[in-house]
Structure formats: structure tokens, C-alpha cells
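For the sequence shown, my numbering assigns the number 34 to the initial residue and increments by one for each residue that follows.
For each residue, glycine too, the CB sits at the ideal point set by N, CA and C.
Below is one structure, written out as C-alpha cells; comments come after it.
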Amino acid sequence: MISATTALPSGRRRDRAALTVLTVWHAALCVLLMAGALATLASASALDLLTIALAVVQALLALGSATAAALILRRNHLGRTLSLVVNYVLFLACLIGLAHVLGLFMGLDDLADYMARGVPFLMGALFIVGYFVAATELRERPVPVARRTLGQVLMTIGAIGFALTAGVVPALASIPGKYVSSGLLPLALTAGAVVLGYMLWSMWRGESARAMGAKNIHSERLNGWLFLSPNLLGFTLFFAGPLLFSLYVSFTNWDSFNKRDWVGLDNYRRMFNLTVQPLAAPDQPANQAMDVQVYDELFRVNLLGQSYLIGAEDKRFWISLRNTLVFGLLAVPLAVVPALLLATLLNSRLPGMRIYRTLYFIPSVAAVVGVALIWQWMYNSQVGWINYFITSAVNLINSVFGTNIKDPQIRWLADSDYALLSVVIMSAWQWLGFNTVLFLAGLQTIPRELYEAATVDGANPRQQFFNVTLPMLAPTTLYVLITTTIQALQVFDQVFIVSNGTGGPGTSTLTMTLNLYQNGFQSFRQGYASALAWVLFVVIFAFTLFQFRRQRRASGAYDL
Numbered sequence: 034m035i036s037a038t039t040a041l042p043s044g045r046r047r048d049r050a051a052l053t054v055l056t057v058w059h060a061a062l063c064v065l066l067m068a069g070a071l072a073t074l075a076s077a078s079a080l081d082l083l084t085i086a087l088a089v090v091q092a093l094l095a096l097g098s099a100t101a102a103a104l105i106l107r108r109n110h111l112g113r114t115l116s117l118v119v120n121y122v123l124f125l126a127c128l129i130g131l132a133h134v135l136g137l138f139m140g141l142d143d144l145a146d147y148m149a150r151g152v153p154f155l156m157g158a159l160f161i162v163g164y165f166v167a168a169t170e171l172r173e174r175p176v177p178v179a180r181r182t183l184g185q186v187l188m189t190i191g192a193i194g195f196a197l198t199a200g201v202v203p204a205l206a207s208i209p210g211k212y213v214s215s216g217l218l219p220l221a222l223t224a225g226a227v228v229l230g231y232m233l234w235s236m237w238r239g240e241s242a243r244a245m246g247a248k249n250i251h252s253e254r255l256n257g258w259l260f261l262s263p264n265l266l267g268f269t270l271f272f273a274g275p276l277l278f279s280l281y282v283s284f285t286n287w288d289s290f291n292k293r294d295w296v297g298l299d300n301y302r303r304m305f306n307l308t309v310q311p312l313a314a315p316d317q318p319a320n321q322a323m324d325v326q327v328y329d330e331l332f333r334v335n336l337l338g339q340s341y342l343i344g345a346e347d348k349r350f351w352i353s354l355r356n357t358l359v360f361g362l363l364a365v366p367l368a369v370v371p372a373l374l375l376a377t378l379l380n381s382r383l384p385g386m387r388i389y390r391t392l393y394f395i396p397s398v399a400a401v402v403g404v405a406l407i408w409q410w411m412y413n414s415q416v417g418w419i420n421y422f423i424t425s426a427v428n429l430i431n432s433v434f435g436t437n438i439k440d441p442q443i444r445w446l447a448d449s450d451y452a453l454l455s456v457v458i459m460s461a462w463q464w465l466g467f468n469t470v471l472f473l474a475g476l477q478t479i480p481r482e483l484y485e486a487a488t489v490d491g492a493n494p495r496q497q498f499f500n501v502t503l504p505m506l507a508p509t510t511l512y513v514l515i516t517t518t519i520q521a522l523q524v525f526d527q528v529f530i531v532s533n534g535t536g537g538p539g540t541s542t543l544t545m546t547l548n549l550y551q552n553g554f555q556s557f558r559q560g561y562a563s564a565l566a567w568v569l570f571v572v573i574f575a576f577t578l579f580q581f582r583r584q585r586r587a588s589g590a591y592d593l
């Protein structure tokens, strides 16, 4: 009894001491972070978004650390949550910084180059693991100790063989040398990671949780956020962060290297800057009507007997916008309507339908580059299969009916009148299978009782399709329309391959994404390219919002 009663106060004293250490730690951490934020701002020769963002993050972490220290003193469970969040973020930052300083990320690239050497050992170890797991599941009894020991020995041999053949051991052996050659920074980051890891463990312990008044629901909530944290951090670092950075870059004249001056809305002004000038004659030269050093002729129009010249400061933007919209207006119906009809046919109970479902889905999983190259060969005006079939059909009609139809010999990818249509056909063909599978999944969720009731009411197949199938497929149709529209407005791979990255012939296949690529990665105008990206985002968002509202009105009509 005496030992039990004396152990309880001793445990409480240890918990109080641990919380006191954590309080002091967060107070000191607040001071360090605020000093780091001020040093970041003071050391920058010119303030930019990255410097300000880094300082703001440090200030927010300092504020969180100070709040955590105050709440820990009051034994409020929110202080435990804040302490865990601040220490966890800084712990990951130290680990990532240490990996960068030691060159571990570059080492992963080298490991990938030598991975093939260790694959036999790795696959052997996985086979052994799978065998013993399967043996346990199938026999529903424990694996004998000798067999388990043998499996562990073989797995160890496989792991060691993989490490030796894939170059893992030499890479690990080089780490101490990098500590020596890189100065004090790796040691500081390692020490920071160790201290932060200890503080994390100290606050995560059950004793600390009980001392802070945390309940089971608080622990479950923290466990949930912990499991979500890799995805949330990845989203923040690799999606939300670059997205906001691109928005900032769109207001600068960044050239991808050094120059990054704030220009405000100048990129957007240049993009949308148009001029409309009246013409004395329809064929009046452009240099007589407008300043050709600023504007390029976009097109001419005749209104009420008066000819006008429309010029644009960035002619390629308007051409790419037109091509993108035309591509979407043509490709989306061609990829959606046939997919719906095909899914209705494949939903029937005819023999062999599963085989056809697989065949129609294959183009969707094929690589875009391979598909584009095959279609590029098929579009060849001399040896391509498409012109061959057209020529054969024309010759057959002429011979049977005695007509004199001329073989068009279409130059699909070399003629600006057909180049964009060629990409539309190719893209719609590739997207058709995936949309068919989506529609097929939606059709199989429609209750058969609805069709039986419609049949009893005397509805024919056409009436059942328009009055039962289409209303019940409304959510699936909305999803297919939105995803296909986004794909169409973001088309890049197909036009890049068939035009060799030029958007030709001329500018007939120049789309918004290709124009963005040319500005950002060929002309190194990242600021203007980012502005193009945000304009494309607005266009896609507008189309998506339109489809949502249209679907909502249609759903209301069906409900009535």
C-alpha cells in the first residue's frame, strides 16, 4: 500500500515536470521563431512573395507556440493540440531540410537507376512473405515455428541482397562523410529533429494527455488528423502552394530565372488589349489604320456597310482561346453522345457484351503519346489508312453509279482547315471508352422496376429512354460532361505531338495550354504564362458552373 500511494504522487510530479519543460520549450520556441521571421525579412535584399510567406509562416508558428505555452499552463487540452501541431510541422521541416542537405532526394534518383539489379532479391522476399501469409490464411492455423524462422531468414537474405545490389549500402555509408563536408547545418537539423521528436513523444503520451484533461474524443480526433496529415501536407506543398505562387507570378514579369518585378495587371491588360478601327476600304492595309508596332491584325468585320479592323496586342492569345473553345464544342458532344448510345447498347443482355466493354475501354488506358503517333500515321495523306478508305469509297461509288467524284486527298494534319478537326476526332475516340464505362455504371444503377412500370403504361423503347433513362442518368451525365469539358479545355498532349509543339500548321491547333507552354517554357515568360493559366481556370470554372446550374434547373423540372 505504501509503495502504491507513494508511486502515484511521484508519477504526477513527473507529469508536471514534463509539462513544465514543454511550457518552457514553447516559450523559447516562440522567441526563436519570431527572431527567425524578423531575420528573414531583414536579410532579404528585396521583399517578394516567397520571403513574406516564409516570414508569415514563422510568425504563425511562433503565435501557435506562444498560445500552446499559455494553454499548457492552464492545463487546457487545446494547448496539447497546438503543441503537437507546431512540433510536428517543425519536425517534418527539419527532416525535409536534412534530406535536402544530405542529398537524399538525389540519391533516390540514383537508386531508381540501380533498382533493376535488386529486383530479383526484392521479388523473392515479397514472394516469401506472400507464401507464408497465404499459408496462414488458407490453413487457418499458425505457421510452424521452423517454417516461420526459415521465412524470416530468407526475407533477411533477400533484403540484404537488394540493399547490396541496388546500391543502398554505399549510399548509407556516404552519409557520415556528408555530415563532415556540409558544415554545421546537418548537425543543427539533426539536433532539431531529435529535440522536436522528443517533445512530440512527450506530449503524445497518455500521461500527458490525462494531465491536460484530454478525453477519448480528443485523442480520436488527433489520430484522425495524424492519418490525414500526409495528404494535407502534400496538398498544401504541391497543389495549394504552387497555385497561390502562380497567382502571384501572374502579376510579375518573372523570366524563370532572376527577374521578378511586380507589374500588377499588366499581363492581363496585354492579354485582353484590343483595338477596333474603322476602314476607309475593306482592303485597306492594317498599318494605315492602327499602330502595327503594338497591335496585330486579328480579323476584319463588316457592320452595316462599314468595315472595321480588329487588332490585338497578343494575337496568339485570342487565336488559342478560339481554338480551345471550338475544340471543346466539337470534342465534348463527340465523346459524350456516342458514349451514351454505346453504353445503352452494351447494357443489353446479349452474348459477348463483356468482351466489347473491354475493347471499348482499351483506348482510355493507352498512352496518349502512343495513340497520337498512331493517329498521326493514319492521318498521313499518302500512306495513311483514312485516306486509303476514302479513296476506295470514292472509286467504288464512281464505278457503281458512274459518277465522277473527285478524290479529295485530304491533308489532315498539314492543312489548317482540317488540323484541329483531326485532333478532335482523335481525342473523342480516346475519351469515348471511359465515358462509356461511366454511363454503363450509371445505367446499371437504374431499377428495372421503372422500365417494367413504363412498359405496363405502354411506353415504347424510345419513350423509356427519354422519360426514364435520361432523367435517372442526370448525375452521371453531369459528371461525364464536366470531366470531358475540363479535358477538352485543357488539351495539350495530342496537339503537342501532332504539331511537334508548334500549334501548326500556322496557328490552327494552337490551344490555351500549348500557348501557355510556349510562353512559360520556350520564351521563359513565366509571369505571362501564369496569367494565361488563370484565365484558362476562369474559363473552365465558368463552363463548370454553367453545367451545374443547368443540371439543377433540369433536376427541378424532372421533380415537377
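What does DSSP give as the partner residues of residue i in its beta bridges?
| i | result |
| --- | --- |
| Y341 | P311, V334 |
| T53 | BP columns for T53 are empty, so no partner. |
| T285 | W295 |
Can you tell me the Cβ-Cβ gap for residue i and residue j, rounded? I've got them flagged as a contact below 8 Å.
| i | j | result |
| --- | --- | --- |
| N120 | M232 | 5 Å |
| Q463 | P396 | 5 Å |
| H59 | A102 | 4 Å |
| L465 | F360 | That belief does not hold up - the Cβ atoms of L465 and F360 are roughly 16 Å apart, past 8 Å. |
| V427 | I438 | 5 Å |
| S9 | M236 | Outside the shown range of the chain, which is 34 to 593, sits residue 9, and nothing can be said about it. |
| V327 | A319 | No, V327 and A319 are not in contact; Cβ-Cβ is about 12 Å, not under 8 Å. |
| F394 | V470 | 6 Å |
| T549 | A566 | Here the sequence assigns Leu to residue 549, which means Thr is not the residue at that position. Rounded, the Cβ-Cβ distance is 6 Å, consistent with contact. |
| T502 | I479 | 7 Å |
| P315 | R333 | 7 Å |
If you check the beta carbons only, do residue i and residue j fall under 8 Å apart?
| i | j | result |
| --- | --- | --- |
| T544 | N356 | yes |
| G537 | S283 | no |
| N256 | V369 | no |
| N380 | L476 | yes |
| A345 | D526 | no |
| V456 | L367 | no |
| L82 | F260 | no |
| W23 | S425 | Within the shown structure, residues of the chain are numbered from 34 to 593, placing residue 23 beyond reach of any answer. |
| A226 | C127 | yes |
| T518 | F576 | yes |
| F124 | L229 | yes |
| L547 | F570 | no |
| W408 | M459 | yes |
| S241 | R113 | yes |
| Q310 | M323 | yes |
| I638 | L55 | The first residue shown for the chain is 34 and the last is 593, placing residue 638 beyond what the model contains. |
| V134 | S215 | yes |
| A99 | A70 | no |
| R349 | T540 | yes |
| A521 | V365 | yes |
| I352 | L307 | no |
| M67 | A86 | no |
| L312 | Y341 | yes |
| A487 | A587 | no |
| L131 | L222 | yes |
Does the CB of residue i have a neighbour CB from chain B at under 8 Å?
| i | result |
| --- | --- |
| Q477 | Note that chain B does not occur in the displayed structure, where there is just one protein chain. |
First and last residue of the alpha helix (DSSP H) that includes residue i?
| i | result |
| --- | --- |
| Y594 | Nothing about residue 594 can be read from this structure; the chain reaches only from 34 to 593. |
| L266 | 249 to 268 |
| I208 | 208 to 214 |
| S449 | S449 -> no alpha helix (DSSP H), and no H or E assigned at all. |
| I129 | 110 to 134 |
| V501 | Element bounds for V501: n/a, residue is neither H nor E. |
| R243 | 239 to 244 |
| L96 | 82 to 106 |
Please find out if some non-hydrogen atom of the ligand SAM comes closer than 7 Å to the beta-carbon of residue i.
| i | result |
| --- | --- |
| F472 | Of the ligands one can find in the structure shown there are none, so the ligand SAM has no counterpart to examine. |
Along the chain, which unbroken stretches of the alpha helix (DSSP H) at least 4 residues long are found entirely within the region 405 to 439? 418 to 434
Can you check the region 470 to 494 for any beta strand (DSSP E) of at least 3 residues that lies completely inside it and give the ranges in chain order? none
Would you mind listing the alpha helix (DSSP H) stretches within the region 515 to 575 that are 4+ residues and don't spill past its ends, in chain order? 526 to 531, 545 to 550
Alpha helix (DSSP H) runs wholly inside the region 336 to 394, at least 4 long, in chain order: 348 to 379
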